[in-house]
């Protein structure tokens, strides 16, 4: 190609007037030689310029080839990504109070949380001992503020984590790993509630009253670290587990407490509704140590720290509880009752048995149904919530409860409460409570002007939201 370009250059030069003379005189010989030398110099410059242009052309061609390869690679990558995206299952987002993200292979994730804000007014007698009147009057409380998450993983594994952030410190509530062995069996490992009664196994989000009955508080069934299992079908629910201690005490090497808890409930359909009948047992040892146990309860709701009946600290190396529960649920109506017996083992002393329980009923004033599943109450979903132009669901409930903490020389007192509860649910995730309770005590450790028998009244309200 270079030779061709040079010949072309010569031809160009000749056409430009650089004609070679055919007859030249001697005088003109020198001039001709000079012209030839100039022509050769110009041709050399042109040849060098051509070489430069050829080099630049080669570089440009190489860049063009590289750009083409890059563009082809990008196109192939985009096509492969498009094919992979078309083959991959889509990520689904469902709204269940909060966004629930579901991916392939059984993976899912959902944030969760709850806020419960309480206010209560206690009206009792004057002259309460121990400064008891300082705990009466109007009191407000951030009852619960939890944040957490729940979800599933591949292999039928699940999890739930709730962190309490409402008080002066952060603490764990539920922290559980689950495994589903088929449709009816679930295994749970972590910080969880032991299996006790109907109201204990009903989440506090779905309670008919702001608080569970006083026996639930007195017998201290807090979450504990343990391994548990549950079998549940349409009629039968069987729950059991082995537990150590609460997270607040388990870090102490001297804490060797362990317990076994079991619950069995049958829920057949009877007379157009569901008959709930069951029982549970709880056995706890202190690991060979003698520790102090204490049983006491607030009057009706939680905001006050006043406990009118109280066993005080008892030297104990273990406890045993038996409980019976029964109920009937039919569309808008329910009735349930529980009774518990707690026997405290006291080395070298008489072993007292304390008793408590409640009878409760409720009715939906709106055309809504009581929610019940897995041997516990669930979330009521208003047919016509405020999001659908309605007023939501309204529920009216009554309860009578008792707690006896006096036996075998222990004089903790007797407490009874009759209560009313009105619950308005504008939507399934929003609730407002109005509670009234009349409490009367006998042989109370907190006396009124020296008398251990008296009564007090409580009005309380709660605003609650969860997701």
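In mature numbering (1 follows the signal peptide of the UniProt record, and there is no 0), the protein residues as written are -26 to -1, 1 to 441.
Glycine included, C-beta positions come from ideal geometry on N, C-alpha and C.
Residue i and residue j: beta carbons closer than 8 angstroms?
{"i": "residue 311", "j": "residue 336", "result": "no"}
{"i": "residue 213", "j": "residue 182", "result": "no"}
{"i": "residue 415", "j": "residue 387", "result": "yes"}
{"i": "residue 138", "j": "residue 118", "result": "yes"}
{"i": "residue 239", "j": "residue 247", "result": "no"}
{"i": "residue 185", "j": "residue 275", "result": "yes"}
{"i": "residue 254", "j": "residue 297", "result": "yes"}
{"i": "residue 344", "j": "residue 374", "result": "no"}
{"i": "residue 267", "j": "residue 290", "result": "yes"}
{"i": "residue 71", "j": "residue 403", "result": "yes"}
{"i": "residue 441", "j": "residue 86", "result": "yes"}
{"i": "residue 94", "j": "residue 277", "result": "yes"}
{"i": "residue 165", "j": "residue 201", "result": "no"}
{"i": "residue 398", "j": "residue 363", "result": "no"}
{"i": "residue 257", "j": "residue 223", "result": "no"}
{"i": "residue 326", "j": "residue 284", "result": "no"}
Would you kindly report the start and end of the unbroken alpha helix (DSSP H) that includes residue i?
{"i": "residue 189", "result": "188 to 192"}
{"i": "residue 179", "result": "Taken as a continuous stretch (DSSP letters only), residue 179 belongs to no alpha helix (DSSP H), as it is neither H nor E."}
{"i": "residue 143", "result": "Where residue 143 is concerned, there is no enclosing alpha helix (DSSP H), given that its DSSP letter is neither H nor E."}
Run through DSSP, which three-state label would residue i get?
{"i": "residue 283", "result": "strand"}
{"i": "residue 4", "result": "helix"}
{"i": "residue 432", "result": "strand"}
{"i": "residue 107", "result": "helix"}
{"i": "residue 323", "result": "coil"}
{"i": "residue 259", "result": "strand"}
{"i": "residue 139", "result": "coil"}
{"i": "residue -9", "result": "Interpretation of residue -9 is limited by its pLDDT of 42, a score under 50 that renders its predicted location unreliable; no figure is taken from the coordinates."}
{"i": "residue 226", "result": "coil"}
{"i": "residue 247", "result": "strand"}
{"i": "residue 220", "result": "coil"}
{"i": "residue 126", "result": "strand"}
{"i": "residue 241", "result": "coil"}
{"i": "residue 82", "result": "strand"}
{"i": "residue 427", "result": "coil"}
{"i": "residue 231", "result": "coil"}
{"i": "residue -25", "result": "Because the pLDDT of residue -25 is 45, which lies under 50, any placement of that residue in the model is unreliable, and the question is left without a value."}
{"i": "residue -3", "result": "Low confidence applies to residue -3: its pLDDT is 45, below 50, so where it sits in the model is not reliable, and the reading given next is rough at best. The answer is coil: DSSP assigns residue -3 none of H, G, I, E or B."}
{"i": "residue 24", "result": "helix"}
Since residue i is in the beta strand (DSSP E), which residue starts that stretch and which ends it?
{"i": "residue 174", "result": "Where residue 174 is concerned, there is no enclosing beta strand (DSSP E), although the alpha helix (DSSP H) it sits in stretches over 172 to 175."}
{"i": "residue 296", "result": "292 to 304"}
{"i": "residue 75", "result": "73 to 76"}
{"i": "residue 422", "result": "Here residue 422 belongs to no beta strand (DSSP E), and DSSP marks it neither H nor E."}
{"i": "residue 199", "result": "198 to 206"}
{"i": "residue 161", "result": "159 to 166"}
Taking the runs of the beta strand (DSSP E) that are 3 residues or longer, which of them lie wholly in the stretch 332 to 419?
Those beta strand (DSSP E) runs which fall completely within the stretch 332 to 419 and span 3+ residues are 367 to 381, 384 to 401, 404 to 416.
Given 8 angstroms as the limit, is there contact between the stretch 122 to 134 and the stretch 73 to 91, that is, 3 or more CB pairs closer than that?
Verdict: yes, contact present.
contact_flag[the stretch 128 to 143, the stretch 92 to 112] where n(CB pairs < 8 angstroms) is 3 or more
Contact between the stretch 128 to 143 and the stretch 92 to 112 is absent, because fewer than three Cβ pairs lie under 8 angstroms.
Does the contact criterion of 3 or more C-beta pairs under 8 angstroms hold for the stretch 426 to 440 versus the stretch 95 to 104?
By the criterion of at least three beta-carbon pairs nearer than 8 angstroms, the stretch 426 to 440 is in contact with the stretch 95 to 104.
Inter-stretch contact at 8 angstroms, needing at least 3 Cβ pairs: the stretch 345 to 356 / the stretch 166 to 180:
Touching, yes.
Do three or more CB pairs link the stretch 195 to 209 to the stretch 267 to 281 at distances below 8 angstroms?
No, because fewer than three Cβ pairs between the stretch 195 to 209 and the stretch 267 to 281 fall closer than 8 angstroms, the two stretches do not touch.
Are the stretch 313 to 322 and the stretch 404 to 421 in contact at 8 angstroms, needing three or more beta carbon pairs?
Result no; under three Cβ-Cβ pairs closer than 8 angstroms.
Decide if the stretch 185 to 196 is in contact with the stretch 153 to 163; the criterion is three or more beta carbon pairs, one per stretch, under 8 angstroms apart.
Judged by pairs of C-beta atoms under 8 angstroms, the stretch 185 to 196 does not touch the stretch 153 to 163, as fewer than three such pairs exist.
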